[in-house]
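Since the structure comes first, as structure tokens, the remarks are kept for the end.
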Amino acid sequence: MTHKIAILGASGYTGAELVRLIATHGGMEIVALGANSKAGQSMAEVFPHLRHLDLPDLVTVDEIDFATVDLCFCALPHKTSQEVIKNLPRDLKIVDLSADFRLRDPSAYQAWYGNAHAATEIQKEAVYGLTEFYRDEIRNARLVAGTGCNAATGQYALRPLISGELIDLDEIILDLKCGVTGAGRSLKENLLHAELSEGTNAYAVGGTHRHLGEFDQEFSTLAGRPVEVQFTPHLLPMNRGILATVYVHGDPDAIHAALSEAYLSEPFLEVLPFGETPSTHQVRGSNFCHIGVTGDRKPGRAIVVAALDNLTKGSSGQALQNANLMLGEDETRGLMLAPCFP
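Heads up: the sequence shown begins at 1 in the UniProt record's numbering, then just goes up one per residue.
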């Protein structure tokens, strides 16, 4: 069976990544590509690296006949996404890559994103899209809310440790480095080559990054009480990748054993031998996440390092993984591409 697929926001990085992955899937056909700002152009004009693919031209969302679509990926900015999705057919399967349906509490969404949620009735049916932990709910969902790429990385490092009561929940420090594609494709002065290259900087310092809303929601639910991590992201002059270094109080051997056991049967989560730590190079362009654990020179402390590609496992690859479950496909279909190295 071939599933008919639409992608909204196809002119962005995550939209292009979805096209790249679906091209190897074999069970999906892209029948519509929505991109209001570039409507009328071909995908080859917008992304020349995809010119070898037979793809429909970009159109406005209003031009798409969703009656012919089995599943829609929505790769639009937050706020825009909820406005579009609330007007889509209510029987259409949707995987949303924006932030609009990640937070279950509308007041939390307003606090972190600065505007009232415009689709609260639909938000109630959204399933959080961290595949490995919400697999059964995703399989039966109509609307799946993809996680933030930073939020996914931190959760892969920490969820088994929190649920296993292996670490001090009041002493979690998450130091994260991310590539510039995490900021999207819109023109921004601080992302110009002359202003970004040959340097790095921390941003959203002091607990203002929006992905903290996801950490608060997910970690507090796991622990059964409020958990607030210290989180500082840093922007690096690289295109892809996230490297999260997590400092925790707990036994390093027990932490490594817990992560190894939790992810033993997961096709995309690889726990390295104790003492080894990953690089973003090792997962580039893939749907894999590598996790390493090492001890600290201070007894009773451990360092967990997780690496993934923000455009793939952190976003579009995760979205395709979820779509496979929603459509009854093998979860790994179209996603077993090896990382691109060097």
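Quick reminder that beta carbons are idealized off the backbone N, C-alpha and C, glycines included.
From a predicted model like this one, the values you see are computed outputs, not experimental measurements.
query, result
"Distance, Met-1 Cα to Ala-111 Cα", "43 Å"
"Assigned secondary structure, Cys-149 (DSSP; H/G/I helix, E/B strand, else coil)", "helix"
"Nearest to Ala-145 (by Cα), restricted to the options Val-31, Gln-82, Ile-64 and Leu-169", "Gln-82"
"Opposing strand residues paired with Cys-340 [DSSP bridges]", "DSSP, once it has assigned bridges, lists no residue as partnering Cys-340."
"contact_flag[the region 194-201, the region 25-35] where n(CB pairs < 8 Å) is 3 or more", "no"
"Beta carbon of Asp-170 nearer than 9 Å to that of Ala-244", "no"
"Distance between Phe-66 and Thr-221 (C-alpha atoms, nearest Å)", "36 Å"
"C-alpha gap between Leu-192 and Leu-236, whole angstroms", "13 Å"
"Sequence-distant residues of its chain with Cβ nearer than 6 Å to Pro-267 (five each side left out)", "Thr-332"
"Where the beta strand (DSSP E) containing His-290 begins and where it ends", "289-295"
"Alpha-carbon spacing of Glu-189 relative to Ala-183, whole angstroms", "12 Å"
"Cβ pair Ala-116, Leu-130 closer than 9 Å", "no"
"Member of Ala-44, Gly-9, Ala-23 and Pro-48 whose CA lies at the smallest distance from the CA of Ser-37", "Gly-9"
"Gly-250 vs Leu-161 beta-carbon contact at 9 Å", "yes"
"Touching by the beta-carbon criterion (3+ pairs, under 8 Å), the region 15-23 and the region 309-316", "yes"
"Limits of the alpha helix (DSSP H) - the one that Ala-194 falls within", "193-196"
"Cα-Cα separation, Tyr-134 to Val-127", "8 Å"
"Contact set for Thr-294: own chain, Cβ-Cβ below 6 Å, skip 5 residues either direction", "Gly-275 and Ile-303"
"Beta-carbon spacing of Ala-44, Lys-86 below 9 Å", "no"
"Helix, strand or coil at Gln-110 [DSSP, three-state]", "helix"
"Anticipated Cβ contact below 8 Å, His-290 with Ala-307, distance rounded", "5 Å"
"Close Cβ partners of Arg-210 (< 6 Å) along its chain, the five nearest in sequence each way excluded", "Trp-112"
"For His-117, three-class secondary structure by DSSP", "coil"
"Pick from Gln-321, Leu-327 and Met-326 that is closest to Leu-337, judged by C-alpha positions", "Gln-321"
"Among Leu-196, Arg-297 and Leu-335, nearest to Thr-24 - alpha-carbon criterion", "Leu-335"
"Pair within 9 Å by beta-carbon distance, Glu-218 and Arg-159", "yes"
"Buried/exposed call for Thr-147, threshold 16 Cβ in 10 Å", "buried"
"Cut-off 7 Å between Cβ atoms - residues of its own chain near Glu-125, not counting five sequence neighbours on either side", "Arg-142 and Leu-143"
"Phe-231 - containing beta strand (DSSP E), residue span", "230-235"
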